[in-house]
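Just below is one structure, and these are the notes that go with it.
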DNA sequence: ATGGCTGCAAAAGTTTTGCACTTCT
DNA sequence: AGAAGTGCAAAACTTTTGCAGCCAT
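Residue numbers (our numbering), protein chains in the order written: chain B, 35 to 181; chain Z, 35 to 181.
As structure tokens, this is what we get:
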């Protein structure tokens with residue numbers, strides 16, 4: 035994992051450079067935070083984490099950087115059951131979510147199962163599909179007990 | 035369709051009454067707007083439409099009503115590629131979205147194809163799955179041309 | 001009649017922007 | 001050196017809330 039994220043960082047640097055974007059400590063710090071966290075973070079949480087090592091890093095920079103990363107396809111803006119925007123890295127392959135409406139727990143899963151569907155729909159509507167998201171909502175075992 | 039939405043309205047009235055909620059012209063107007071629009075509306079668009087017939091209907095009421103409807107399971111808050119919250123009625127069966135990242139166009143589609151997946155995951159994670167959402171993102175034919 | 005609902009205005013919260021200063025390249 | 005990026009503060013937006021009056025029940 036250490037090796038891998040190092041590699042990811044390197045390729046992001048290449049990507050930034052190739053787009054005429056600069057490599058700044060702020061961007062690298064934010065990238066690392068997003069990559070490290072497996073889960074989903076909102077802008078404020080990312081800001082809080084970033085400040086632990088660089089207290090002057092501003093929330094504006096977090097937003098600007100997230101928008102940049104979004105444009106570059108490095109993060110995906112998620113909107114789950116909760117309120118704010120959430121971001122997660124897209125480096126580690128597509129994965130989907132199982133969301134408990136009771137306690138808010140989010141379980142991630144992968145499935146190649148959607149490939150067939152993608153092809154079908156791409157053909158049917160003349161779409162080039164670049165990303166997919168599958169969210170399943172319901173109640174986990176624990177929350178079902180408490181009812 | 036006319037008949038059907040009339041029936042829907044009636045059953046919503048029952049639901050409201052059974053929850054000790056009042057049936058007000060504002061609520062009925064908002065319900066109708068949401069049911070009529072096939073697509074997805076954000077609070078502001080709903081407000082604009084509502085004002086066409088009742089100019090005094092306030093945005094607060096729109097929000098309060100949407101939250102009420104959400105609690106009652108009458109609408110679902112969606113979060114697509116765009117910015118704000120979007121709401122759509124849940125009366126007309128589950129359907130999913132094909133979203134163009136270029137122009138924002140949203141095509142809805144239905145598929146029973148997810149059933150298998152639902153069962154698989156329900157078993158695997160001991161979840162009771164009540165709702166699912168599948169969003170596929172990409173570029174439509176037109177937007178692909180312009181690049 | 002009376003408690004819930006609404007409209008209005010103000011507050012709270014989130015995201016964006018203008019500008020002077022700093023820092024990558 | 002020069003342009004892009006940053007921090008700070010203010011603005012723009014979206015959503016929620018307090019309160020006085022109104023209206024379904």
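All C-beta atoms in this analysis are idealised placements derived from N, C-alpha and C, irrespective of residue type, glycine included.
Per the Cβ contact rule, the region 96–110 of chain Z is in contact with the region 50–66 of chain Z (3 or more Cβ pairs under 8 Å). With distances taken between CA atoms, residue 58(B) lies nearest to 95(B) out of 70(B), 95(B), 76(B). For residue 65(B), the uninterrupted alpha helix (DSSP H) segment begins and ends at 59–70.
What residue 171(Z) touches in chain B, judged by beta-carbon distance under 8 Å, is 163, 164, 165, 166, 167, going in chain order. Non-local beta-carbon contacts of residue 63(B) in its own chain, meaning distances under 8 Å to residues more than five positions away in sequence, involve 84, 87, 88, 91 in chain order. At least 8 Å separates the CB of residue 75(Z) from every CB of chain B. By the criterion of a C-beta distance shorter than 8 Å, residue 163(Z) is surrounded in its chain by 152, 155, 156, once the five residues flanking it on both sides are discounted. For residue 87(Z), the enclosing alpha helix (DSSP H) covers residues 77–87. Annotated three-state conformation of residue 170(B) is strand, per DSSP. Taking the C-beta atoms as reference points, residue 77(B) is found nearer than 8 Å to residue 93(B). With contacts defined by Cβ atoms closer than 8 Å, residue 42(Z) and residue 69(Z) form a contacting pair.
Within chain B, no residue has its CB atom less than 8 Å from the CB of residue 106(Z), the nearest being about 14 Å off. Distance from the CA of residue 44(B) to the CA of residue 82(Z), rounded to the nearest whole angstrom, comes to 49 Å. Contact between residue 131(Z) and residue 140(Z) holds: CB atoms are separated by about 5 Å, below the 8 Å threshold. Under the DSSP assignment, residue 105(B) falls in the alpha helix (DSSP H) whose first and last residues are 93–105. Bounds of the beta strand (DSSP E) holding residue 132(B) are 130–134. For residue 176(Z), the three-state secondary structure derived from DSSP is helix. Non-local beta-carbon contacts of residue 56(Z) in its own chain, meaning distances under 8 Å to residues more than five positions away in sequence, involve 50 in chain order.
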